[in-house]
Structures are given as C-alpha cells and as structure tokens.
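*Asks:* The following block contains the structure, expressed as structure tokens.
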Amino acid sequence: MEATPELRGYEEAAGAALLLYERVHFRHDPRWLLPRPPRLCLACALELLQPTSAVSVVRKKHMLSCFHDALMRHTTSVTQLLTQNETVCTHLIGILFGLLRSIDDGSVLELSMEVLIQLIVQLKLGPFVHCLLEECQKELCNMPSMRGSLATVTLLGKMADAIPSLAEILVIEHGNLVEHQLRGLMYPNEAMKAAVCYLYGKLYSSPTVAERLAGHFKEKLCPLFLTTLDKAQTKELQMNCMGLLRQLLKYDLFVSVIMNKSGPVGISENTEVLQEENILPLALKKLLLSRDETLQVASTHCMVAVLVHSPVKYAPAFIHADIPEFLFEHLSCTSEALLWASYSCLLLLTQERLLFSKCHTVYGIESLVRSLKGILQLNNPELLKQGLLLFTEILKRQPEEIKLFPNSATCKDASRVLQEAISSPVLEVMVEAVSAVAAFFRKHHLSLPPVPYGELQALVRALLDRCADLSPPVSQRPFRSCGLLLPGGCPPSRGPSRAVRRQEEILRGALEGFQNACRLAVEFQNEPSAQENPFTAPSTEKEDTLETFCEFLLSTCDSLCIPTVMRHCEQATNPALMEIFLSVLNSLFIIVPHMKEKFSKKLASSSFIRLSLELKARFCSGQSHPALNQACSSFLYSLCLNLFSAMEEMGPPPREGLSIVSSILQHSLPQVNTGRSESLVLLSDSLYVDEAARQRQYCLLLLLYLAYIHEDRFVPEAELFSAVRSLLLSVQDQGERPPPAVFRAALYLLTICQDKAEPLDKVPLNAIRKMLEGVPDLRLVYSHHPCTLKFFLMYPDLLSRFGHCVLELWLSREDGSGQEAEDPVSITPARPLALANPGDPLLPILKSSSSVLLILLDLVYSSPMDIARKVLMVLRTFLEENENIQVGSLLRGHFLQILQQLLVDSGAAPLQVVAVLLSSTPLLTLLQKTLRLTWMEPVPVSALPGPSTKEAALLCSSWLLTASLSAQQHLGGLEVHQTLIVELDRVLHILTFRKKKAALFSASILRFLRTALEQNFSSSLVMLVSSDLGRLPSPEDSALSPLSLQQILSLVVSLQNLLVQKDLLLSQAVVGCLEALVDFLQARSPDVALHVAAQPWNRFLLFTLLDAGDNSFLSPEILRLMTLFVRFWRSGILSQDDIGHVLQETAKVNLSELPTTTLQALSCFLQQVQSTGLLSNAVLSTTIQTLLETLSERNSTLPPQLDLVCLGGVAVSFSHIRD
C-alpha cells in the first residue's frame, strides 16, 4: 500500500530504523502495523528497543517518542494489539524497565517511564503491576547503595501518582520497598532525596496507607525527613519535602509527632527557656525568607496546615521563631497567593495571646492597613475578605494594656480603609467589614489622644447608610407592631427569605458596631483626656469633641438606625438582632442624659413600649431567649423611669413615688411576658392575688399607662376599662392600698377608656372614692387630660367630694397666655387654652352642670390669684358663648359671696380691694338689689335648713359685704360713685320682731348696724333713711338722730333676747353691737347711755349667763359685757363683791390653757376695773396688778390665730364679727 504524499516524509524519517530490521520486518504480521500515522510497526519497535540491538540511544529515543505518540493518539488501537498477546506485553514492559537500568540519559529515562506508566495504566493489567513492583524490589534490594536507583525510585513515585491503588499494594505486599526508601533519604544526593520524598508524599496521601505507615513515620521517617527538610538546598527537594509535609500535616498524629520532634509544644508566653532544636518552624522560616515566591507560599501553607489542628498548642513555637514578623512584612507584596497564605497563617496565630504580648501586632498593624488599602484597588473580594477577617481578629483579641495603633495617623488610616470596605458592592466583603468596624470601636484602640471623633462619626454614618441602602423600602403604613404579630396574635408562619437573612446578618453586625460606638462614648465620659481634642486652637469652635460625638450618635440612631431596623422588622424579626437594638437604645439614655426624657417621649410615642412587650410575648415565654428578655426589660425600665421623671417635674416635690415605680418595674418586668389577651386576663383576676402577682399587675398597669399617655392604644379601650375596674375592686376587696403612681395609672386608663365603655356603677365608684380619700394629696394621682376632668365631673359622688380640687388642678396646668402649659403628663398637642377656646372640654360641662359652675365660683376666692384670674376668664368665655342660659341669678348671688370673702381675706391691702369694688357701679347696683331682698324673702330657720340655704347665704354675704365696704371706705376716705340706701327702721324691725332668725343672719345684720353706730351714721357709702318720713322727732330724739329713744330701747331689748340664745357667733355680734350702741349714746346723750346700762334686767341677764357652768365668766363675751357694766359703775349692775369673786376665781385658773380671745377680754376687764379706782380692798388691787402683768407677758408671746370659717356657704371671720 503506497503512502500518501502527506505521510511519505514522516515514514522516510522513520525508515532508517525499520530498514535496519528490514530483513525481519517481512516476518511480522501486518496487524502490528498501525493503520494511521505514525505508521509504526509495534513488532519492529519492540525488536529495536531490545538491549541486544546495536541501535544508538538517539534512535531508541526517537522510537520511544514515536511509540509514545502513537500510544497517546491511538490508544484504543495500540491497547487492542498489545492485549492480544500477553507474552508481547510482558516482553515490552521488561524491555522498557531494562532501559531504566541501562541508559543514563535523563530525557530517555523520563520518556521510558512515561511510556511504561502509560502502558500499565491503559492496559489495566494487575499482574504486570505486581511483576513490575517485584522487579523494582529486586533492583533496589540487590544494590549495595542507592547509587543508580534514582530512576527506579522516580518510577515508583510516578506509578503511585498515576495508579491510586498502588500505594496500598506497595505497603501491604511490598513493604521492603517502603523500608528501602529510608536509605534514599540518607544518600547524599538531593535528587534521590527529592524522589524519595515525592514517593512518600504519594504514599501518605492515602488515608489507609497513612494509617498503616504511622509507626514507620514515628519511629524511622520523622527525624530523617525533618533533617532533610532543614538541610535541603535545591528547589526540587524543598518543594517535594513540603509536598510530603502537606500530606503528613493532614493528620493530627503526624502533626503532634513532627512538632514534638521540632521542640516543645504548647509553649506559653511565660516560658523563658526554649529548646534549642525547633526544626520545623526554623526550617519553614528559612523558606519564608527565601526570595522564591513559590517557596514562600508553600512554607506559609505548611504553617497553616500545622496551626489548623490546634492554634493554641502549636502557635507558640512559630511565634518564638519570630515568624509573625516576617509574615507581616510579606503583606507589602503584590502576590495575591502569598497575601492569602500570610493572612491565613496570621489569622490562626491570633488565637494565641503570645502573638500580642510579643507586640507582633503592634509592629505589623501598619503593614496590614496598607495591605488592605492596596487590596481594595484589586478585584479580589475573597482576598479582601480574608484580610478583613484577620484585621477583625486582631482588633478583637488585642490586649487592653497594649495599644494597637502606634499613632493617631494609623488609626485614621484604618478608619478610612474600613469606610471604603463597607462601601464594597460585594456583600461578603461588607459583612467582614462590618465585623471589623464593631471590633474597631473599643476604648483601648482609640484612647490615644487626640481621639479621632470626626473619623468615628464618618465610620458610623457609612455603616448605617450602607445598611439603610440594603434594607427593604419604607412601608406606607406607620409603625405599630412591626409585623411581629398578626392580628390574631400569632407570628407569621412563613420564614424569612435568603435575601432577608443576609440583610439580617449585615444589620446585626452593624448594630453591634453601633453598640460598641455607644459603649465607647460611655467609657470616654470618665476620661478627661478624651473629652475634647487638646490640640484645637482656643479661638476655634471645638467640634471634634466627645459631646458632639454623643449627640451625633443620638441623632444618627433617630434618623438611620431606628428606621432601618423597623423596616427590617416588617420582613422578619430576629431575637438576637432585637436584643442588640434595644440595648443600643438603652445605652443612649446614658450617653446623652440631657436628652433622655425627650428621646424617651419620642420612643414611647413611636410604639416602642408595644414593640418591647410584643417581643417578650413572642420570644420570651418560659425560659426562652433570656438575653432578649433582659434587654427588653432593661430598656422598658429605663424608658419608663425617664417618662415618670418627666412627670415628676410637674408633680409634687416628694420623690418616693419614683422609687416605688422603680422597684415595681425592676422586680416585675422580667416576668411580664404575656400577650394582649393574657395581659387583660392578668389584670382582671378577681380571685385572691398574692404579692408577686399583684406586683406584675401593677407593672403591666404602669406600662399601659405610659403607652396610652403617648397615644399607643394597642389594647381595646372597652376591654381595658373592664380589666382596670376589676383590678381596683380586687385591691379594695383585699384591703390593699396601691401606690399613688399605680393608682394614678389606673385612674388615667379609666378616664381615657370611659367613652368606649359603660358608666361605672355604685360598687366600683365607692371603691374609687375610698381610695381617693386615702390619698394625702390629690396631685399624686391626677393626670392632666380632658378625660380626667370629664370623669371626675360626670359622677356626682366624685364631683361633690373631689370636684373642687380637680378643677383647681386642671386650671393650674393651663397657661393663661393662650397656650397649654408644658406638662410631661399632658399628651394632647399644644392648643389654645380653654379660656379662649370655645371647644375646651370645660365649657360644655359648665353648660350642663350648675354644680360645676358653683365650684368654679368658689375657686375665685378659695384659690391663688393666678387660678382665680383663669376662672374669671373661663366664666367670661362661657357667658359670651351661652347668653341664653338662665344662670344669672345663680351667678349674681354667688358673686356677692365671693366679694365678701375677698374682703375678709384681703389681708394687708383691704383698701385696694375696696377701691376697686367701689368703682364698680354695676356691683353696687347688684348689692342694693340684694339688700332689698331682706325685706321680701323669709330667712331660713338655721344655717342649713334646706333649699333656701343659698338665699340665706346670699343675704348674709350681702350684709357682711356692705358692712366691710362701709368700714373700709370710711377708714380710707375712698371715693364713692354710688350710694347704698338702707331703711333703718326695717333693719331694727327685723331684729326686734322677726322670730326664729338664723344666728348667722342676725349676726350679719348686727355687724352692719354696729358699723353704722361706729361711724355715727355718717357713712358716705350707706345712707340710712326712715320709712316714716311724716313723724316729727321729739326733743329727746333729736340728739339721738337718726334713732329715736323708743327704737333704742327696743333695740336693747332685742339684743338682750339674742344674747340669751347663747350662740357663740351671735353672742359676739350682740356684745359688739351693744358696745357700739353705748359708745354712740355716750357721745350723744350720756343720760340715755347710763339709762341703758343701768337697767335692772341687765343684772338678771348677766347672772343668767354666768349660771351656764363653772368659770362661765371666762367666756370672752361675758367678760366684755362685764367690762361694759364696770364702765358705768354707778349703774350698780356689778358690786365690789361681784368683782372680788371674779378675781378670786380667775386667780385659780391656769392662764396658759385659755384661748387668746379670752385672755384679751380678761385683760380689758381688769384694766377697766383698775381704771375706776373704786376698789377699797388692797388685796384685790394687788391681785389685779399681778394678773395684768402676767397677761401682758402672755399676750406678747401668743401667735396669731386664724379665725376664718365657712358657715352655710358664707365665709365668716370671727374677728370681723367680734372686733
């Protein structure tokens, strides 16, 4: 068959060898000739390669090359030809193996081994393998030395590499071959040693073989191998040694043996003396210091392979060899492979404290930061991740006593590198960067002054901005439950997606970083050197300070951290993440204390009380998630205390309430893990409640109170109203008294929920009233809210008992300027005051309840001036808005009582008050009309007889007001714009002939008459006229004008009759009026005055009064009456014996027990007796003088007494009536 032109040249090139055997080629079967190029006759090739052939090595090499080419190109054809005759195969293998022994040419040997191995692999003939191994064993064992055995050892290594099962065959069936390799390691030829190490590497790559050869290695191979590694000079031997080492280092047993042979393991930083021989670390160090990058990478990988078994156990040997120093130096290289290996090795070394105590990290941190900065410019995220992981571990493990950053510049560079890493588009890189940032925010890393607060702020902002970019879009609905619970109270069943979990991981790391930044701010507050940058010029504004950093943290949390976490919660809720989040919020209360109350209010109004309770209910029932439970409880504790502290600023001064609240919250919050329905059941428990359960009820009540105050009504009002009502009944039934803060919370919730529930019946109302009566100060339980006002004023029982105080508290919390006072308790937004706001809740209440209107009028004179002014403005607004309501008579009558009260209470400035009142013509007109009612309306029998009590009180107030106005006007000579006209005979007539008069009414008339007598009927304000204008006065009456003698005598009789009634107030008014009458008569007609004083009835009247009981003469009214009779000694009403008897009895009395009014009246009586000079008994005169001296000393030390009382709705001053 003629060759084609394309193949002819190739065949001609091979023809010389074939021609050499042309004489025998014709004997070969054509089937041995390959049909495709190369056109090789396998039989000719076999004969050509025989050692007995006289063919040159070059021709044999060429034939081997052609045979190898044919074997690779026509594998199937060649293997089919060879497998047809087993003898041919055996002969061919023998020829090839013989070449290894007979030829020294390295290329021929290499080609022979390749062909031989390829034949064995392709033919898959097990017997041939065993045959070849036996030949190798004979070859090696029969040689006196390893000289000439290099090819055989190399062949075994290549066979072990090509045939995985060969290693096990070698160990099991040809163990002598393995033992013989030890001679190769001792042979002074590095090529031989390299071949042996290569073979051992392939053997130990099999776990089964490695286990069988464990003893061989430990007892024989290990020391030889370590010596070989240490002394290796050629790169081939070094690489093969490290290849074997990498296989050995896969097994913990071999690592232990190697490291024990290398030196002591587990060396701590306290060991001072190290064993001199530390072969492996020093050998690897030598390779690490070579300039060959491949060797550097390989040696570093070997260190990693050792350290992964036990960094703490094996790291000290490498650290004491100063390997970390050179690893850090290699971080400045550009080889990514070497960087990766160095990062990995250093990462494992960080688990040993010795690395840090020997300051390797301090010296290497700059190299690491520069390395990371360079990698950021490369497109190798895996390498960057590894570098960031190393940085993170160093930041975490660096001891506090050893500063990591040698200067602030390096610290700033690290901060900028982390900022750039956080911005990486690769999420895996970002995750590692976030972890590094969390570890970076530590005091011992950043306390070197000046603290780079500006860089820290930029890092925090970059961290949270990146998280915000990854978070899902903002929900259109406002935050309420953050998706934590479905409406039915069950958590969502579908788990978070992979993307959400990845976002969760990043967000958690970012929160840890922010938490560490907050912790850093807290720690720096106790460091004076960290307060501000000491290198800032004095004239410049200091922005890079701790204060600005703390305020930045609060602002950033508010604008970035909270919204980001809340958006994530709408997708999924992770307990660990929420634990960190709540801990961060809790720490901000400490970081910016002057903003904690404002921040707390914002959190509460954003439903964070609800959020915390839902987290506890969902995740913390039983003993699950204790860390989250603690975080929620601590956050709620701080939040609630801040809110209560804000309330206390406007409340009563005592702080005991806050301490009680603190105790309740601290002990009960960890146990409050109930959902909405369970919470209502807990509050509604009407059975016997023990102390612990009661405290939990109180705790829950306080939480709901604060939530409702800030408009977070996550519990239905009607159900909550019922639960609180049941709680108060239970407390009352068990005879308990809730703390004021708890009671305030209960009342507030009742008032807020009242509109959505049925009105309270008698039983709970009585319980509430009794609890309120037990509160020492209503301010302790008052909450300023329109619903509170409505609640107290809608129930008559509460209105009559507490309406006055509640209205006063309501008005005290309102700002008269037109804006509501800033009150932490108030939850309503700023709005115009009720005084100017027709929609104020007080106005419709006034429209429907006259009782509330009367209470407001009472507040005008019973409250401080600012409240009285607000009441008047409310009334004015009310009257302007409700002109058609018939309340005129009610207001007018009560208004006069108010004015009378103001005059009584005016104190040091009565003339100012009177001048204002006298300038009001409508007031005087109203007073005139009211006085005329005296003659038209019947006077009630007693001070409180029934429905007409209000009219009686009005008349009494009018006469007392007239008397006060007249007296003050006369005293100050004030201008009068309108005169009051009073018919004198009617005044006398009502005193003389009216029966069953009320004592207060008679006393009021008498006080008016007394004022007129004291002014000698010359008042500019009051004009007394007579109704009988046609009668001409008698000569005796002219001196007594405007009175007549008959009127005077009738008046005296009336006064005597009133005195016999022995009413205290009335007796004071009678005696005062009688004194004024006698003074008036003494000035006008002394004879008439003596006649009045000398009437025999007076002595009978006096003794009637004295018979009232023992020492009845010591009554102030009787003493004043006797003083009057002593003035008119000639009347004979009192004799010297009577006076002597009084003095003797007085001497027996303990004067210190007598009231002030009695002492004053007694002193006047004694002075009057002494001034007459009619006592002839010297003993009595001495007694009088002694008593007067004693009384003088006593009166000088007596404190002033308050004598203002309210009788029948009229404010009465005893001193006003008496004096």
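In terms of my numbering, the numbers along the sequence shown are unbroken and rise by one, the last being 1250.
In this text, a Cβ means the ideal position worked out from N, Cα and C, and glycines have one as well.
Because the structure is a prediction, the values reported are computed rather than measured.
#1: Below 8 Å on the Cβ atoms is my guess for leucine 674 versus lysine 632; work out the distance and round it to an integer in Å.
#2: Mind checking which residues open and close the alpha helix (DSSP H) that includes valine 1083?
#3: Is the separation between the beta-carbon of leucine 419 and that of alanine 452 shorter than 9 Å?
#4: Helix, strand or coil: how does DSSP classify cysteine 72 here?
#5: Which residue from Cys376, Leu1005, Ile1079 and Gln556 puts its Cα closest to that of valine 1119?
#6: Would you identify the three-state DSSP class for leucine 1055, choosing helix, strand or coil?
#7: Alpha carbon to alpha carbon, how far is serine 710 from aspartate 716? Give it in angstroms, no decimals.
#8: Report the residue from Leu1190, Glu1184, Cys581 and Phe256 whose alpha carbon sits nearest the alpha carbon of valine 491.
#9: To the nearest angstrom, how far is the alpha carbon of phenylalanine 1032 from that of leucine 954?
#10: Suppose the cutoff is 6 Å on Cβ atoms and the five residues either side in sequence are ignored; what does the same chain contact list for leucine 319 look like?
#11: Let's test the definition: count the other Cβ atoms within 10 Å of the Cβ of leucine 737 and tell me whether it reaches 16, buried, or not, exposed.
#12: Determine the DSSP secondary structure at leucine 1011, reduced to helix, strand or coil.
#13: Quick one: which unbroken alpha helix (DSSP H) runs of 4-plus residues sit fully inside the region 627-686? Chain order, please.
#14: Roughly how many angstroms separate the alpha carbons of phenylalanine 387 and valine 288, rounded to a whole number?
#15: As a quick exercise: from Val460, Asp792 and Thr782, pick the residue whose alpha carbon is nearest that of phenylalanine 823.
#16: What residue ranges within the region 327-357 form continuous alpha helix (DSSP H) runs of no fewer than 4 residues, ordered along the chain?
#17: Per DSSP, what kind of secondary structure is isoleucine 1164 in: helix, strand or coil?
#18: Within a Cβ cutoff of 8 Å, which residues of the same chain sit near alanine 464, ignoring the five residues on either side of it in sequence?
#19: Would you grab the beta carbon distance between isoleucine 611 and glutamate 543 for me? Rounded to a whole angstrom, and I think it's under 8 Å.
#20: If you reduce the DSSP assignment to three classes, tell me which class arginine 178 lands in.
#21: Hey, leucine 414 and leucine 370: beta-carbon distance below 9 Å or not?
#22: In chain order, which alpha helix (DSSP H) runs of at least 4 residues are fully inside the region 765-843?
#23: Return the first residue and the last residue of the alpha helix (DSSP H) that lysine 434 is part of.
#24: State yes or no: is the C-beta of glutamine 546 within less than 9 Å of the C-beta of alanine 469?
#25: Could you check where the alpha helix (DSSP H) with isoleucine 194 kicks off and where it finishes?
#26: Flag this pair as touching only if the region 248-258 and the region 201-208 have three or more C-beta atom pairs under 8 Å; answer yes or no.
#27: For valine 531, which residues of its own chain have a beta-carbon under 7 Å away from its beta-carbon, when the five flanking residues on both sides are left out?
#28: Are at least three pairs of beta-carbons, each pair with one atom in the region 1070-1087 and one in the region 983-991, less than 8 Å apart?
#29: Alpha carbon to alpha carbon, what distance is there between methionine 273 and proline 657?
#30: Alpha carbon to alpha carbon, how far is phenylalanine 1144 from valine 1173? Give it in angstroms, no decimals.
#31: Are valine 746 and arginine 775 touching if we call contact CB-CB under 9 Å?
#32: From valine 1053 to threonine 1213, what does the alpha carbon distance come to, in whole angstroms?
#33: Just to check my reading of the structure: threonine 1154 and phenylalanine 1196 have Cβ atoms closer than 8 Å, yes? What is that Cβ distance to the nearest angstrom?
#34: Buried or exposed: where does alanine 1043 fall if 16 or more other Cβ atoms within 10 Å of its Cβ makes it buried?
#35: Would you report the Cα separation of serine 466 and arginine 473, rounded to the nearest angstrom?
#36: Is serine 882 closer than 9 Å to proline 827 when the C-beta atoms are compared?
*Replies:* By the coordinates alone:
#1: What you label residue 674 is simply residue 643 of the sequence shown in a count that begins at 1. What you label residue 632 is simply residue 601 of the sequence shown in a count that begins at 1. That belief holds up - the Cβ atoms of leucine 674 and lysine 632 are roughly 7 Å apart, short of 8 Å.
#2: Position 1052 of the sequence shown holds residue 1083. Looking at the DSSP string, the run of the alpha helix (DSSP H) that includes valine 1083 is 1076-1091.
#3: Looking up residue 419 in the sequence shown gives position 388. Looking up residue 452 in the sequence shown gives position 421. Going by C-beta atoms, leucine 419 is nearer than 9 Å to alanine 452.
#4: Within the sequence shown, numbered from 1, the residue matching residue 72 stands at position 41. Three-state DSSP puts cysteine 72 in a strand.
#5: Working through the sequence shown from its first residue, we reach residue 1119 at position 1088. That would be Ile1079, whose Cα lies nearest to the Cα of valine 1119.
#6: Counting from one through the sequence shown, the residue named residue 1055 turns up at place 1024. Looking at leucine 1055 - three-state DSSP - the assignment turns out to be strand.
#7: One-based indexing of the sequence shown puts residue 716 at position 685. One-based indexing of the sequence shown puts residue 710 at position 679. If you take the alpha carbons of aspartate 716 and serine 710, they lie about 10 Å apart.
#8: Position 460 of the sequence shown holds residue 491. Ranking Leu1190, Glu1184, Cys581 and Phe256 by Cα distance to valine 491 puts Cys581 first.
#9: Along the sequence shown, read from residue 1 onward, the residue named residue 1032 stands at position 1001. Along the sequence shown, read from residue 1 onward, the residue named residue 954 stands at position 923. The straight-line gap from Cα to Cα measures roughly 21 Å.
#10: Locating residue 319 in the sequence shown gives position 288, counting from the first residue. Here the set comprises Gln327, Ser330 and Phe357.
#11: On the sequence shown, residue 737 is found 706 positions in, with the first residue counted as 1. With 16 or more Cβ atoms within 10 Å of its Cβ, leucine 737 is classed as buried.
#12: Here residue 1011 refers to the residue found at position 980 when the sequence shown is read from its first residue. In the structure shown, leucine 1011 sits in a strand (DSSP, three-state: E or B).
#13: 627-636, 639-650 and 657-679
#14: By one-based count along the sequence shown, residue 387 stands at place 356. By one-based count along the sequence shown, residue 288 stands at place 257. For phenylalanine 387 and valine 288, the distance between alpha carbons rounds to 27 Å.
#15: Residue mapping note: residue 823 aligns to position 792 of the sequence shown, counting from 1. Considering only alpha carbons, the answer is Thr782.
#16: 342-351
#17: Position 1133 of the sequence shown holds residue 1164. In the structure shown, isoleucine 1164 sits in coil (DSSP, three-state: anything other than H, G, I, E or B).
#18: By one-based count along the sequence shown, residue 464 stands at place 433. So the qualifying residues of the chain are Leu419, Leu449, Ala452, Ile453 and Ser455.
#19: Position 580 of the sequence shown, counted from the first residue, corresponds to residue 611. Position 512 of the sequence shown, counted from the first residue, corresponds to residue 543. Going by Cβ atoms, the distance from isoleucine 611 to glutamate 543 rounds to 6 Å, so yes, they are a contact pair.
#20: If you number the sequence shown from 1, residue 178 lands on position 147. Coil.
#21: The count along the sequence shown starts at 1 and reaches residue 414 at position 383. The count along the sequence shown starts at 1 and reaches residue 370 at position 339. Yes; because the gap between Cβ atoms is below 9 Å, this pair is in contact.
#22: 771-784, 793-804, 817-825 and 827-843
#23: Locating residue 434 in the sequence shown gives position 403, where the first residue counts as 1. No alpha helix (DSSP H) contains lysine 434, which DSSP labels as neither H nor E.
#24: Position 515 of the sequence shown holds residue 546. Position 438 of the sequence shown holds residue 469. In this structure, alanine 469 lies closer than 9 Å to glutamine 546 by Cβ.
#25: For the purposes of this step, residue 194 is identified with residue 163 of the sequence shown, where counting begins at 1. No alpha helix (DSSP H) contains isoleucine 194, which DSSP labels as neither H nor E.
#26: no
#27: Taking the sequence shown and counting its residues from 1, one reaches residue 531 at position 500. Gln602 and Ala603, listed in sequence order.
#28: no
#29: In the sequence shown, the residue the question calls residue 657 occupies position 626. In the sequence shown, the residue the question calls residue 273 occupies position 242. Between proline 657 and methionine 273, the C-alpha separation is close to 50 Å.
#30: Working through the sequence shown from its first residue, we reach residue 1173 at position 1142. Working through the sequence shown from its first residue, we reach residue 1144 at position 1113. Distance between the alpha carbons of valine 1173 and phenylalanine 1144 is about 8 Å.
#31: Sequence index remark: in the sequence shown, residue 746 carries index 715 (1-based). Sequence index remark: in the sequence shown, residue 775 carries index 744 (1-based). Not in contact: valine 746 and arginine 775 (Cβ atoms no closer than 9 Å).
#32: The sequence position of residue 1053 within the sequence shown is 1022, counting from 1. The sequence position of residue 1213 within the sequence shown is 1182, counting from 1. So the alpha carbons of these two residues sit roughly 48 Å apart.
#33: Indexing the sequence shown from 1 puts residue 1154 at position 1123. Indexing the sequence shown from 1 puts residue 1196 at position 1165. So it is a contact: roughly 5 Å between Cβ atoms.
#34: The residue labelled residue 1043 in the question sits at position 1012 within the sequence shown. Classification of alanine 1043: buried, given that the 10 Å Cβ count is 16 or more.
#35: Taking the first residue of the sequence shown as 1, we reach residue 466 at position 435. Taking the first residue of the sequence shown as 1, we reach residue 473 at position 442. Straight-line Cα distance between these residues: approximately 13 Å.
#36: Along the sequence shown, read from residue 1 onward, the residue named residue 827 stands at position 796. Along the sequence shown, read from residue 1 onward, the residue named residue 882 stands at position 851. In contact: proline 827 and serine 882 (Cβ atoms closer than 9 Å).
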